[in-house]
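Have a look at the structure below before the remarks.
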Amino acid sequence: DLLLPEESAALATARRSGREPVPDETVADMLSAQVARTPDAVALVFGGRALTYAELDAQVNRFARLLLARGAGPERVVALALPRSIEMVAALFAVLRTGAAYLPLDLDHPADRLRLMAEDTGPLCLVSTTAVAPTLRGQDGPVAPEVLLDDPAVLAELAALSGDAVSDAERPAFAHGVPDRLEFPAYVIYTSGSTGRPKGVVTPYRGLTNMQLNHQKEIFDPAIASAGGRRLRIAHTVSFAFDMSWEELLWLVEGHEVHVCDEELRRDAEALVAYCDEHRVDVVNVTPTYAQLLIEEGLLDQDETAGRHRPALVLLGGEAVSDTVWTQLRRTEGTYGYNLYGPTEYTINTLGGSTAESATPTVGRPIRNTRAHILDTMLRPVPPGCPGELYIAGTGLARGYHDRPALNAERFVADPFGEPGERMYRTGDLVRLRPDGLLDFLGRTDDQVKIRGYRIELGEISTALADHPEVAHAAVVVHESAGTKRLAGYFVPEDAAPGAEDDDLGHRLRDHLKSRLPDYMVPAALVPVAALPLTVNGKLDV
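In the numbering used here, the protein residues as written are 5 to 546.
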């Protein structure tokens, strides 16, 4: 045992957040309850449109019946390929009303990558539009039966369906009282894979319900209190293909007004700050890197006479928080920041910490019903203050990776500190326990990185680059300057010395990568080299 008795006691206190019951209610059920409380309050805003809770609920119920008629239910997947819109939110909750799982497809990603995700998951149907669906069809046709929401026949079918609450009789396999119904998958979200193949993380309903209950106490109530007790306005800026997007949707379930920002608005820091001023947005949820850009554009400025409105809360997630952002939020009167840490393999968040409780960036403490173990390579707890790998367990743990048994066995392991049969996830993140009980993030144990909040396996990019017929060998590294991370790809040309390759090779390689990878995974620089450096043991030295 590496620990003194008092150290064991400190770790036991830090790594647990209790075992509280989780009610047999999904977040879609909770949304229905909120509709009954505030039917006429504005629920969603998108551009010039606004929907009340009653109007949103009716749309969700019609969508749900449309999907039930096509066989939606537990252990089935519905792919969503929709632009950012009110319809995307309604379709997402409609899937959850049926008991199925949704697969969000980010329309910014290459079509080949999206088809791979859909083919890997085997969805019951693809919900899309007449403009988007053709871009996802392969040589053999659609990846799944299509439900096109702007198709006249589908619109007529929806109009004929009831907007009243979906009854348990309409979804008997997912009715209240069905044993372990919250263990069914709620969504499948794909992350980068080190072998070059993205992996789908299957997440059950129970984790979302637990997250809602956690946020009521830890985030919603304090933010509402700081704003004088009123309903808040939230800017939804995160891709629906990123589980961090639930941070904004949980506010919707709680009864607040969510503004869905379109693609152009959410990517333009200056325009987004202006929008937040004009609409008096109270909560924004962004990566720390984007938070810095928003702050530079005046997010934290306040001048009511000039129409400047300062948000009450800035939620941060997706990557490590810089000292600069943390300090700026901590020093701004009337505003605070809250850092939310969590891999996709644990429902949305695992840890959370506020700028109000720490002078320096922290990932905080375990959320409700979550256990955080800081272990050495032999799975022994390390003493407080010492670096160790973070292992996480609890109600929010994902079922695992879809159809990846070997990877599941490697990353989801038996929890020696839990009840028999319980598992924990090996995050690969290095953390340490502080004297005040908060956790600090220190880095990674592998070559996984985060850029703009997206989790990236460098091996996936290297594999894609090396797959080009004009490349013999390739490696991808991260360079950091002034707090900004950028990818650089190094390659050995197949048939020529570095100084002799044609000028268009770099363009061809970039086009090749763009056809297979999302923009955030395409290196900013592609550099030809004569050979990749190796260590004395023959391993890549980068």
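Each residue gets a CB set at the ideal place from its N, CA and C atoms; glycine is no exception.
One Cα belongs to residue 92, the other to residue 390, and the distance between them is close to 45 Å. With a beta-carbon spacing of about 5 Å, residue 262 and residue 256 fall inside the 8 Å limit used to define contacts.
In the DSSP annotation of this structure, the continuous segment of the beta strand (DSSP E) that includes residue 129 starts and ends at 129-132. Residue pairing from DSSP places residue 452 in a beta bridge opposite 461. Assignment of beta-bridge partners to residue 142 by DSSP yields 145. Here residue 129 is not near residue 158, since their CB atoms are 8 Å or more apart. By DSSP's assignment, residue 409 forms no beta bridge with any residue. Following the DSSP letters along the chain, one finds residue 31 inside the alpha helix (DSSP H) bounded by residues 31-41.
Between the alpha carbons of residue 236 and residue 328 lies a distance of about 27 Å.
Counting only the Cα atoms, residue 77 lies some 21 Å from residue 37. By the Cβ rule, the region 399-409 counts as touching the region 344-361, because three or more pairs are nearer than 8 Å. Residue range 225-230 is occupied by the alpha helix (DSSP H) that includes residue 228. For residue 393 and residue 440, the gap between their C-alpha atoms comes out near 19 Å. For residue 304, there is no enclosing beta strand (DSSP E), as DSSP marks it with neither H nor E. If you draw a 10 Å sphere on the C-beta of residue 300, you find fewer than 16 other C-beta atoms in it, and that means exposed. Under the three-state reduction of DSSP, residue 61 is assigned to helix. Closest in alpha carbon position to residue 324, among 238, 371, 453, is 453. Taking every protein chain shown into account, the CB of residue 143 has fewer than 16 other CB atoms within 10 angstroms, so this residue is exposed.
Going by DSSP, residue 327 is part of no beta strand (DSSP E) but of the alpha helix (DSSP H) stretching over 327-335. Taking 8 Å as the cut-off, the beta carbon of residue 209 is found no closer than this to the beta carbon of residue 239. Residue 537 sits in coil when the DSSP states are folded into three classes, being neither helix nor strand.
For residue 485, the three-state secondary structure derived from DSSP is strand. By the C-beta criterion, the region 46-57 is judged not to be in contact with the region 135-142, since fewer than 3 inter-stretch pairs fall below 8 Å.
By the Cβ neighbour-count rule, residue 466 is buried, with 16 or more other Cβ atoms within 10 Å of its own.
Under the three-state reduction of DSSP, residue 52 is assigned to coil, being neither helix nor strand. Annotated three-state conformation of residue 277 is helix, per DSSP. About 5 Å separates the beta carbon of residue 476 from that of residue 498, a gap short enough to meet the 8 Å contact definition.
Across the structure, residue 40 and residue 360 are spaced so that their CA atoms are roughly 35 Å apart. Considered as a whole, the region 355-410 harbours no complete run of any alpha helix (DSSP H) with no fewer than 4 residues. DSSP places residue 121 inside the alpha helix (DSSP H), whose first and last residues are 115-125. When DSSP states are grouped into helix, strand and coil, residue 83 belongs to the strand group. Taking 8 Å as the cut-off, the Cβ atoms of residue 152 and residue 134 count as close.
Taking 8 Å as the cut-off, the Cβ atoms of residue 90 and residue 264 count as close. Per DSSP, the unbroken alpha helix (DSSP H) holding residue 256 starts and ends at 250-258.
In terms of CA proximity to residue 212, 187 leads the group 532, 387, 187. In chain order, 391, 434, 435, 436 place their CB closer than 7 Å to the CB of residue 446, counting only its own chain and leaving out the 5 sequence neighbours on each side.
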